[in-house]
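Undergrad: Taking the UniProt record's numbering, I'd label the letters of the sequence shown as residues 1 to 164.
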Amino acid sequence: MPEFSTERLEMHTLTADMMEAVLKGEAEFERTVPYKIDSEWPLEVYKNLFPYKIERFRKVPSENEWEGLIVDKTDNRIVGDMGFKGGPNEEGVIDLGYSIIPSCRGKGFATEMGKAMVEWGLTQPGVKKVMASCDPDNAPSIRVLEKIGFQPTIQTDDSIYWLY
Numbered sequence: 001m002p003e004f005s006t007e008r009l010e011m012h013t014l015t016a017d018m019m020e021a022v023l024k025g026e027a028e029f030e031r032t033v034p035y036k037i038d039s040e041w042p043l044e045v046y047k048n049l050f051p052y053k054i055e056r057f058r059k060v061p062s063e064n065e066w067e068g069l070i071v072d073k074t075d076n077r078i079v080g081d082m083g084f085k086g087g088p089n090e091e092g093v094i095d096l097g098y099s100i101i102p103s104c105r106g107k108g109f110a111t112e113m114g115k116a117m118v119e120w121g122l123t124q125p126g127v128k129k130v131m132a133s134c135d136p137d138n139a140p141s142i143r144v145l146e147k148i149g150f151q152p153t154i155q156t157d158d159s160i161y162w163l164y
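1. Decide if A132 is buried, meaning its Cβ has at least 16 other Cβ atoms within 10 Å, or exposed.
2. Please list, in chain order, all residues of the same chain as I37 whose beta carbon is under 7 Å from its beta carbon, the five residues on each side excluded.
3. Bridge partners for P42 per DSSP, in chain order?
4. Compare the C-alpha of E40 against each of R105, E20 and T13 and name the closest.
5. Please say whether V71 and I94 have beta carbons closer to each other than 8 Å?
6. What do you reckon, are the CB atoms on F57 and L23 nearer than 8 Å?
7. Between the C-alpha atoms of T153 and V144, what's the straight-line distance to the nearest angstrom?
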């Protein structure tokens, strides 16, 4: 993941080593990164994926180029994470995923970084489209995806699938 910034945010690569440090505890992670750590990050659902992601990034290092930490420039604090779930599939589609810590939701961080990520993603070799999915009951994520410019394509009982 290239490191880049928006008006208020920075994107920094989240490496397998960083994920291992998170799993060892906040103190270990603080020794690994120059950012302020919030006790709300990572969200538990994301943290539970770390063992899989660590193994995957070690086997296929190029997949690590597609995910990163969202850092608020004003206080150098991690406010979330965002990425394209391993890079493009065979059809050239990348799948945007993100999370923002609860205390930072509703401030436009996901929309701001999401727009920048989609723009970056569409410039990458082999990428033709960007997709995303969310729970039909997740009104904040629906608003974020609409603001980024995604269009809903298919809805099932448990997901809405979006294309950009």
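Virtual Cβ for every residue (Gly too), placed ideally from N, Cα, C.
TA: This is what the structure gives:
1. Taking a 10 Å sphere around the C-beta of A132, we find 16 or more other C-beta atoms and assign the residue as buried.
2. E26, F29, E30 and I78
3. Answer is none; P42 lacks a bridge partner.
4. Per the Cα distances, R105.
5. no
6. no
7. 16 Å
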